[in-house]
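Student:
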Amino acid sequence: MAVLKYEEIAESLRARIAAGDFAPGETIPSGRDLAEQWDVSRATAIKAVDVLRNDGVVVAKQGTGFVVTETPVARPAGARRAGSARILGGMPFLRIGTPDWAEPPTRVANALGLASGVQALRRVRVLQLPDGSPNSCVEAWFPPEIGEAAPRLSDTAPIAEGTTRYVRRQTGRFPVEGVDVTTVRLATDVEAERLGVAEGSAVAVLLHTAHDQAGRPLVCEEGVTPASLFEQVDSYAM
174 MAVLKYEEIA
184 ESLRARIAAG
194 DFAPGETIPS
204 GRDLAEQWDV
214 SRATAIKAVD
224 VLRNDGVVVA
234 KQGTGFVVTE
244 TPVARPAGAR
254 RAGSARILGG
264 MPFLRIGTPD
274 WAEPPTRVAN
284 ALGLASGVQA
294 LRRVRVLQLP
304 DGSPNSCVEA
314 WFPPEIGEAA
324 PRLSDTAPIA
334 EGTTRYVRRQ
344 TGRFPVEGVD
354 VTTVRLATDV
364 EAERLGVAEG
374 SAVAVLLHTA
384 HDQAGRPLVC
394 EEGVTPASLF
404 EQVDSYAM
């Protein structure tokens with residue numbers, strides 16, 4: 174599927190931000206300037222900026238325009254329940270360690286359809302509350318065919334166009350369905366350290382699996398949130 178013009182503009186701006194052309198706090202080109210640079214309507218240019226704003230890459234600053242945010246923001250790949258491991262609306266996050274290849278836990282391997290002993294690519298981050306304290310830790314696991322086809326997933330550097338768009342560009346595959354399974358258990362020693370809670374504390378665990386247009390798993394994320402911070406809200410017709 175061809176990339177739309179506003180998406181192309183947004184991805185170009187992401188790349189320039191990741192490359193340091195626009196540092197945190199600096200203003201990106203205005204909608205009028207982007208329209209002239211790309212020879213598109215101002216509405217198309219504004220739509221491109223809206224993509225970055227909705228993804229938490231830029232924020233509006235009165236009297237200035239849109240400026241690059243100070244910290245990266247984790248965004249959901251689709252609608253999620255408020256209070257889940259990836260909050261709808263996005264949260265600042267810190268990348269933990271370096272992406273690596275490892276054998277995933279059984280529950281993740283089953284979600285990805287991987288046989289015992291098969292390794293997957295793992296990326297870890299900690300989502301933060303406004304005061305900088307941990308809200309959730311998330312391990313994202315990519316099956317081998319995705320990790321091998323999208324080598325930048327193994328880098329610590331930010332992926333300018335976003336993980337979903339990058340994987341789609343590399344593989345032609347994109348998420349069309351998500352499956353979320355929420356359970357409760359006790360935190361592991363590693364999770365307790367990441368979250369700054371006592372060992373053995375109660376946590377809520379959201380296992381999110383995204384499936385592509387052919388029903389094949391693209392990624393499985395395990396998000397762990399302390400019980401004191403977890404809230405699940407459902408609205409439905411009666």
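In my numbering, the protein residues as written are 174 to 411.
The beta-carbon is built from N, C-alpha and C at its ideal position, and this holds for glycine as well.
Tell me where the alpha helix (DSSP H) around D206 begins and ends.
Tutor: Start and end: 204-211.
Student: Between the segment 308-320 and the segment 282-293, do at least 3 Cβ pairs fall closer than 8 Å?
Tutor: Verdict: yes, contact present.
Student: Measure the CB-CB distance between K234 and V240 and report whether it falls below 7 Å.
Tutor: Yes, the Cβ-Cβ distance between K234 and V240 is below 7 Å.
Student: Is it right to say P270 is buried, meaning 16 or more other beta carbons lie within 10 angstroms of its own, or is it exposed?
Tutor: Checking the sequence, you will find Gly at residue 270 rather than Pro. When all chains shown are included, G270 counts as exposed.
Student: Tell me where the beta strand (DSSP E) around Q301 begins and ends.
Tutor: Per DSSP, Q301 belongs to the beta strand (DSSP E) from 293-301.
Student: Using the three-state DSSP reduction, which class does G256 fall into: helix, strand or coil?
Tutor: Any reading at G256 is ruled out, since the residue's pLDDT is 37, under 50, leaving its predicted position unreliable.
Student: Assign Y409 to buried or exposed, taking buried as 16 or more other Cβ atoms, counted over all protein chains shown, within 10 Å of its Cβ.
Tutor: The residue is exposed, with fewer than 16 neighbouring Cβ atoms inside 10 Å.
Student: Can you tell me whether S349 is buried or exposed, with buried defined as 16 or more other CB within 10 angstroms of its CB?
Tutor: Residue identity check: residue 349 is Val in the sequence provided, not Ser. Answer is exposed; the Cβ neighbour count stays below 16.
Student: Which residues bound the beta strand (DSSP E) around A313?
Tutor: Where A313 is concerned, the enclosing beta strand (DSSP E) stretches over 307-315.
Student: Between the Cα of D328 and the Cα atoms of T382, D273, G204, V281, which residue gives the shortest distance?
Tutor: Among T382, D273, G204, V281, the Cα nearest to that of D328 belongs to D273.
Student: Relative to the alpha-carbon of A377, which residue among Q405, T356, D362 has its alpha-carbon at the smallest distance?
Tutor: Nearest option by C-alpha distance: T356.
Student: Taking C-beta to C-beta, are Y179 and T237 nearer than 7 Å?
Tutor: No, Cβ-Cβ distance for Y179 and T237 is not below 7 Å.
Student: Could you give the distance in angstroms between the alpha-carbon of A221 and the alpha-carbon of D206?
Tutor: Their Cα atoms are separated by approximately 12 Å.
Student: What distance in whole Å lies between the Cβ atoms of D385 and L391, which are believed to be in contact at a cut-off of 8 Å?
Tutor: Indeed they touch by this definition, with Cβ atoms about 5 Å apart.
Student: Exposed or buried, what is A208 when buried is set at 16 or more other beta-carbons lying within 10 Å of its beta-carbon?
Tutor: Flag for A208 reads buried.
Student: With distances taken between CB atoms, is the gap from T278 to Q301 smaller than 7 Å?
Tutor: Looking at the sequence itself, residue 278 is Pro, so the reference to Thr does not match. No.
Student: Can you name the start and end residues of the alpha helix (DSSP H) that E394 belongs to?
Tutor: No alpha helix (DSSP H) contains E394, which is instead part of the beta strand (DSSP E) from 390-399.
Student: Buried or exposed for R259, please, with buried defined as at least 16 other CB atoms from any protein chain shown within 10 angstroms of its CB.
Tutor: Any reading at R259 must be qualified, since the residue scores a pLDDT of 38, below 50, and its modelled position is unreliable; no value is offered.
Student: Looking at the unbroken alpha helix (DSSP H) that takes in L225, where does it start and where does it end?
Tutor: Counting along the chain, the alpha helix (DSSP H) containing L225 begins and ends at 215-227.
Student: When you compare each of R187, P197, S401, E395 to V299 by their alpha carbons, which one comes out closest?
Tutor: Of the candidates R187, P197, S401, E395, the one whose C-alpha sits nearest the C-alpha of V299 is E395.
Student: Compare the Cα-Cα distances from L155 to each of R389, T382, M411, L368 and report the closest residue.
Tutor: Absent from the model: residue 155. The displayed extent of the chain is 174 to 411, so no value can be given.
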